[in-house]
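Some notes on the structure that comes next.
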Amino acid sequence: MQALEQTFPRRAIQIKNAGLSGGIMLSFAMVVCMALGIFLLWYQGPGILRDYTISQNPIVDDNAYIRKGECKTRQIIMTDCKADIIFKDNTGKSVQESVSFMFFDLNSSGYEVEVVRSGDDPSLVTLDLGIEKLWDRIFTLGVFTVLLIGGAIAVIVAMFKTRGLNKKMRKPLVLKPVAVTITGIQKNYGIRNVFYSYMNDAGKKKKRASRFKKKEEPFYLSVAAGTKANQTPALAVLPQGCDVPILLDENLDRLDLTADEKQSIQNALAV
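The numbering of the sequence shown is the working numbering, which starts it at 178 and goes up by one.
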């Protein structure tokens, strides 16, 4: 790298393609996270409010019965329960109410449940299990909502940062060659997302992704990199005034370099 730093052009160079992942993909991720967070609140929130109201004055309804009731444990600790409750309203008419809730639990066996109604509002019914796990459900909903909505906010921040970087790189900048580490490659619909890590000025490890075309390859700094692109050093440049290195392609086409400048860089790395 020392020979490369001495050989690398010291003039301002235009970055023709930064390859920074953003735009449509980040927007899609933001919409998905936000939609899932809102859906979760809509799906679980009303049931929690209903069961909290019932828990203030619960009465077991021995005349009600459960139809199509089941609890499934997913991912070992997440339990999802659903049931159709048949009960009689104040007029004696049979009414069906569907209830569903989820909570964290390590129990691998089944649950014995009873139908409970609110002593203050008999039209509200649920399972005693839903009341028993009420605070677990509130915690579960809170955790998932914070993660999803927080994820959407994080994506929005990332979008603004990416736009800011792209805006800075619209003009030629002095570039500093640096080594980054390729940590993985993901292929989707003819586009390759190359993930890489680097150390920022504060000494903290950061991660980014760079978009490559189907036949493009990163500029690996290891001879064996072509067969195993995992934890492999690659060449990037750090634009003046920016804190994110731009991953280069093996042909150096991402930079507006002359043929002689490209050859000089190749020769310096071959030393």
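We put the beta carbon where it would ideally sit given N, CA and C, even for glycine.
Which one or two residues does DSSP pair with residue 248 in a beta bridge? Your numbering for residue 248 matches position 71 in the sequence shown. Residue 248 is bridged to 258.
Taking the continuous beta strand (DSSP E) assigned at residue 358, which residues delimit it? The sequence position of residue 358 within the sequence shown is 181, counting from 1. For residue 358, the uninterrupted beta strand (DSSP E) segment begins and ends at 350–365.
List the endpoints of the continuous beta strand (DSSP E) containing residue 388. Taking the sequence shown and counting its residues from 1, one reaches residue 388 at position 211. Looking at the DSSP string, the run of the beta strand (DSSP E) that includes residue 388 is 382–390.
For residue 207, which residues from the same chain have a beta carbon less than 8 angstroms from its beta carbon, with the 5 sequence-adjacent residues on both sides left out? Walking along the sequence shown from the start, residue 207 turns up at place 30. For residue 207, where only same-chain residues beyond five positions count, the Cβ hits under 8 angstroms are 329, 332, 333, 336.
What is the C-beta distance between residue 354 and residue 182, in whole angstroms, given that I count them as a contact (C-beta under 8 angstroms)? By 1-based counting over the sequence shown, the position of residue 354 is 177. By 1-based counting over the sequence shown, the position of residue 182 is 5. Between the beta-carbon of residue 354 and that of residue 182 there is about 6 angstroms, and that keeps the pair under the 8 angstroms contact cut.
Residue from 374, 246, 391 whose Cα sits closest to the Cα of residue 366: Within the sequence shown, the letter at position 189 stands for residue 366. With distances taken between Cα atoms, residue 366 lies closest to 391.
Considering only their Cβ atoms, is the gap separating residue 243 from residue 262 smaller than 8 angstroms? Stepping through the sequence shown from its first residue, residue 262 is reached at position 85. Stepping through the sequence shown from its first residue, residue 243 is reached at position 66. Yes, they are a contact pair.
Is residue 182 helix, strand or coil when you go by DSSP? Here residue 182 refers to the residue found at position 5 of the sequence shown. Reduced to three states, the DSSP call for residue 182 is helix.
Express the C-alpha separation of residue 382 and residue 437 in angstroms, rounding to a whole number. In the sequence shown, counting from the first residue as 1, residue 437 sits at position 260. In the sequence shown, counting from the first residue as 1, residue 382 sits at position 205. In a straight line, the C-alpha of residue 437 is about 34 angstroms away from that of residue 382.
To the nearest angstrom, report how far apart residue 371 and residue 352 are at their CA atoms. Counting from 1 along the sequence shown, the entry for residue 371 is found at position 194. Counting from 1 along the sequence shown, the entry for residue 352 is found at position 175. About 21 angstroms.
Along the chain, where does the beta strand (DSSP E) that runs through residue 237 open and close? Locating residue 237 in the sequence shown gives position 60, counting from the first residue. Start and end: 235–237.
Among the candidates 379, 408, 419, 428, whose CA atom is the shortest distance from the CA of residue 132? For residue 132 there is no data in the structure shown, the boundaries of the chain being 178 and 448.
Would you mind reading off the limits of the beta strand (DSSP E) that contains residue 301? By one-based count along the sequence shown, residue 301 stands at place 124. Counting along the chain, residue 301 falls outside any beta strand (DSSP E), and DSSP gives it neither H nor E.
Which residues in the same chain as residue 432 place their Cβ atom closer than 8 angstroms to its Cβ, once the five residues preceding and following it in sequence are excluded? What you label residue 432 is simply residue 255 of the sequence shown in a count that begins at 1. So the list reads 190, 191, 192, 193, 352, 414, 425, once near-sequence residues are dropped.
Pull up the distance between the alpha-carbon of residue 446 and that of residue 217, whole angstroms please. Translated into positions along the sequence shown, residue 446 becomes position 269. Translated into positions along the sequence shown, residue 217 becomes position 40. In a straight line, the C-alpha of residue 446 is about 53 angstroms away from that of residue 217.
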